[in-house]
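Chains as they are written, first to last, in numbering that gives the first Met the number 0: chain P, 0 to 314; chain X, 0 to 314.
2 protein chains.
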Amino acid sequence: MSKYAFGVDVGGTTVKLGLFSAEGALLDKWEIPSVTENDGAAILPDVAKSITEKMEEKGLKEEEVAGIGIGVPGSVDQDSRLIGRAVNLGWDSIDIPKTLNAYIKVPVKAANDANVAAFGEQWQGGGKKYKNMVAVTLGTGVGGGIIVDGRILTGATGAGGEIGHLHLQDGESEFCNCGNRGCLEQYTSATGIVRLARRRLAEDGKPSVLREGEVTAKAVFDAVKAGDDVAIEVAERFGDHLGKGLAIVAAVVNPEAFVIGGGVSKAGEILLNFVEPNFQKYAFPQCRGAKFVLARLGNDAGIYGAAALVLSENG
Amino acid sequence: MSKYAFGVDVGGTTVKLGLFSAEGALLDKWEIPSVTENDGAAILPDVAKSITEKMEEKGLKEEEVAGIGIGVPGSVDQDSRLIGRAVNLGWDSIDIPKTLNAYIKVPVKAANDANVAAFGEQWQGGGKKYKNMVAVTLGTGVGGGIIVDGRILTGATGAGGEIGHLHLQDGESEFCNCGNRGCLEQYTSATGIVRLARRRLAEDGKPSVLREGEVTAKAVFDAVKAGDDVAIEVAERFGDHLGKGLAIVAAVVNPEAFVIGGGVSKAGEILLNFVEPNFQKYAFPQCRGAKFVLARLGNDAGIYGAAALVLSENG
């Protein structure tokens with residue numbers, strides 16, 4: 000009987016690893032650097048080596064390990080194959096289980112990192128009560144992960160839940176990283192909030208603490224908490240964009256809950272106060288019951304969800 | 000071993016019924032009127048009576064029937080219960096299998112009619128090759144049905160796939176039937192196309208055959224085929240709205256294909272020529288491979304999908 004699983008979250012700078020019990024308890028976690036030179040060819044061998052060492056350290060046998068789950072910053076299909084490039088790693092179209100199994104002989108499952116983080120929040124975090132949920136990660140970009148009946152919605156090419164790139168706004172002059180213009184991400188990521196603030200500040204000379212020092216998403220929400228009118232206007236525009244975007248998502252997948260995470264969500268519950276009323280304004284009536292909750296696992300969501308890939312019957 | 004199944008598509012005027020083989024062949028189909036008086040209380044007893052008579056006529060025993068699948072114009076949850084009202088029938092929050100099983104003792108499954116039609120197209124129609132697809136029904140309204148890994152995406156309250164009501168356009172002055180403003184349906188349903196035509200005709204006095212006779216969605220596409228410039232402009236605006244809307248849907252569920260049906264789709268392949276290029280313009284790069292195909296089952300999609308609810312392992 001398998002008693003343990005490893006969850007691995009591969010990023011462009013570090014690889015996070017976690018050892019979990021079959022019941023979902025995080026027993027140990029650690030990091031190794033992501034060696035992206037030479038098209039990231041060393042990353043998976045390094046992961047295998049690190050896990051092998053951990054198994055030796057803990058005295059674990061292969062038959063006690065349900066497997067290794069891996070979250071990857073790229074499009075991963077249902078057979079754990081990377082489709083196209085994972086730009087931050089240097090990888091291109093690789094079969095992740097096959098590559099890893101050359102070094103370590105336990106079952107391997109891989110999926111997109113945003114989807115995996117969503118799965119982690121659904122398994123042990125803010126979305127634990129919800130079999131149908133959408134995780135929204137507001138970071139440098141906007142990531143999404145959709146869980147339907149307890150399963151990750153992967154999509155045809157692993158781009159399921161790419162809600163940061165749904166077209167929200169006509170007439171946008173600046174380009175999104177994806178090459179389109181008017182994506183949700185352009186207004187609701189950390190950099191999107193800076194964009195909104197910059198534009199608001201340029202409209203007039205109204206005094207604001209945002210005119211002093213660097214404008215960041217954190218500075219905007221700190222100013223909101225201090226009662227700064229201009230910052231509140233920026234937060235309202237952010238909330239209108241995100242509320243509208245999530246109302247659109249709700250008309251498609253009708254979730255029980257949105258679980259909001261990522262660096263921007265560190266602003267706390269106040270963030271939801273700007274988003275939820277706008278969601279209600281735009282949402283199809285039968286979708287208005289969706290709950291808004293904050294993510295709970297922080298940077299560990301990825302390793303939790305990765306472990307769940309091999310531990311959950313729906314993984 | 001069950002050899003047969005019944006598929007039932009309950010509408011506000013008629014109930015369509017079909018007898019199917021376990022392999023998915025339509026063996027017989029017929030209709031009965033929908034008696035909506037008295038909150039539609041007679042509809043399910045009438046369905047049971049009609050099926051019982053058909054079983055007697057064909058000499059079928061209950062153990063030969065896998066069950067009865069039913070598509071209903073309302074939100075139906077995963078336990079086949081109607082959530083809230085089915086306005087066109089007069090029903091309110093009923094347990095459909097329980098109600099029907101008072102009259103006939105075979106397994107019963109129910110689902111939303113648009114979702115059921117999508118399931119039918121995926122089972123035996125235009126979407127047969129695609130495990131991940133979105134069916135789009137362009138009729139009086141715009142319905143949608145989403146199939147993920149061969150299963151209907153029902154959503155938390157049965158509103159999964161309500162893509163006609165995703166917010167597409169800010170600043171719309173007219174209200175949608177759902178009470179919101181700017182829904183996809185307001186520009187891409189049969190009545191939406193008439194709205195676009197009416198607005199275009201009001202802009203100037205440019206000659207067009209659309210200025211003679213009644214403006215309908217069919218008249219617009221007939222005029223497009225005849226080379227009418229104004230009609231082509233209207234079709235381009237329709238295509239921009241629908242292409243944009245489906246690009247948004249693709250960023251959420253990343254389907255392999257969109258299967259386009261409903262009365263408006265009778266315009267044929269020419270319709271897709273206006274939609275697909277606009278989809279490509281707005282779609283997230285990794286979602287651009289989605290195929291566009293016309294629905295094949297027409298008005299029978301509902302009875303096919305309903306039968307599939309009880310015959311398919313994913314129903």
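Glycine included, each C-beta is placed from N, C-alpha and C at the ideal position. What you are looking at is a predicted structure, and each value in this text was computed from that prediction instead of being measured.
Asked: Would Cys286(X) count as contacting chain P if we go by Cβ distances under 7 Å?; Found: yes
Asked: Just to confirm my understanding: we take Gly119(X), look at its own chain, exclude 5 residues before and 5 after, and list those with CB closer than 7 Å. What are they?; Found: Leu296, Ala300, Gly301, Tyr303, Gly304 and Ala307
Asked: Whole alpha helix (DSSP H) runs in the stretch 181-266 of chain X with 4 or more residues, listed along the chain?; Found: 184-187, 189-202, 216-224 and 228-252
Asked: Any idea which residues DSSP pairs Gly70(X) with across the strands?; Found: Asp8(X) and Ala110(X)
Asked: How many whole angstroms separate the CB atoms of Ala109(X) and Ile69(X), which I take to be in contact at a CB cut-off of 8 Å?; Found: 4 Å
Asked: Can you pull the chain P neighbours of Tyr102(X), defined as C-beta to C-beta under 9 Å?; Found: Within chain P, no residue comes near Tyr102(X); the closest Cβ sits about 29 Å away, beyond 9 Å.
Asked: Leaving out the 5 sequence neighbours to the left and right, which residues in its chain are closer than 6 Å to Gln185(P) when beta-carbon positions are compared?; Found: Cys175 and Gly191
Asked: Assign Leu209(P) to one of two classes, buried (16 or more other C-beta atoms within 10 Å of its C-beta) or exposed (fewer than that).; Found: buried
Asked: For the beta strand (DSSP E) containing Asp94(X), name the first residue and the last one.; Found: Segment: none, Asp94(X) is in no beta strand (DSSP E) and carries neither H nor E.
Asked: From Gly144(X) to Glu268(X), what distance separates their C-alpha atoms?; Found: 21 Å
Asked: Could you say which of Val46(P), Ala101(P) and Ala249(P) lies nearest to Asn277(P) if we only look at CA atoms?; Found: Ala249(P)
Asked: Could you tell me if Leu26(X) is buried or exposed, where buried requires 16 or more neighbouring beta carbons within 10 angstroms of its beta carbon?; Found: exposed
Asked: Going by DSSP, which residues form a beta bridge with Lys28(P)?; Found: Gly17(P)
Asked: I'd like to check one pair, Leu165(X) with Ser183(X): are the Cβ atoms closer than 7 Å?; Found: Per the sequence shown, residue 183(X) should be read as Leu rather than Ser. Yes, they are a contact pair.
Asked: Using 10 angstroms around the beta-carbon of Asn392(P), count the other beta-carbons present and answer buried if the total reaches 16, otherwise exposed.; Found: Since the first and last residues shown for chain P are 0 and 314, residue 392(P) lies out of range.
Asked: Using a beta-carbon distance cut-off of less than 9 Å, what residues from the stretch 138-164 of chain X approach chain P?; Found: Gly143, Ile145, Val147, Asp148, Arg150, Leu152, Thr153, Gly154, Ala155, Thr156, Gly157, Ala158, Gly159, Gly160, Glu161, Ile162, Gly163 and His164
Asked: Taking 8 Å as the limit between beta carbons, can you name the residues of its chain near Leu200(P), skipping five residues before and five after?; Found: Ser207, Leu209, Arg210, Val214 and Val229
Asked: Using 7 Å as the limit for Cβ to Cβ distance, is Lys108(X) near chain P?; Found: no
Asked: Suppose you measure from the CA of Pro72(P) to the CA of Pro96(X); what does that come to, to the nearest Å?; Found: 45 Å
Asked: Spell out the partners DSSP gives Ala85(X) in its beta bridges.; Found: Trp90(X)
Asked: Which two residues bound the contiguous beta strand (DSSP E) that contains Val135(X)?; Found: Met132 to Leu137
Asked: In the DSSP assignment, find the unbroken alpha helix (DSSP H) run with Leu310(X) in it and report its ends.; Found: Ala300 to Leu310
Asked: What residues from chain X crowd round His240(P), counting only those whose CB sits closer than 7 Å?; Found: Neighbours of His240(P) on chain X: none; closest Cβ ~11 Å, over 7 Å.
Asked: Between which two residues does the beta strand (DSSP E) carrying Lys290(X) extend?; Found: Lys290 to Leu293
Asked: Give the interface partners of Gly178(P) over in chain X, defined as CB-CB distance under 7 Å, in chain order.; Found: Pro284
Asked: With DSSP as the reference, label Val34(P) as helix, strand or coil.; Found: coil
Asked: Kindly identify the DSSP beta-bridge partner or partners of Tyr3(X).; Found: Ser20(X) and Val64(X)
Asked: At a CB-CB cut-off below 8 Å, which residues of chain X make contact with Tyr281(P)?; Found: His166 and Asn179
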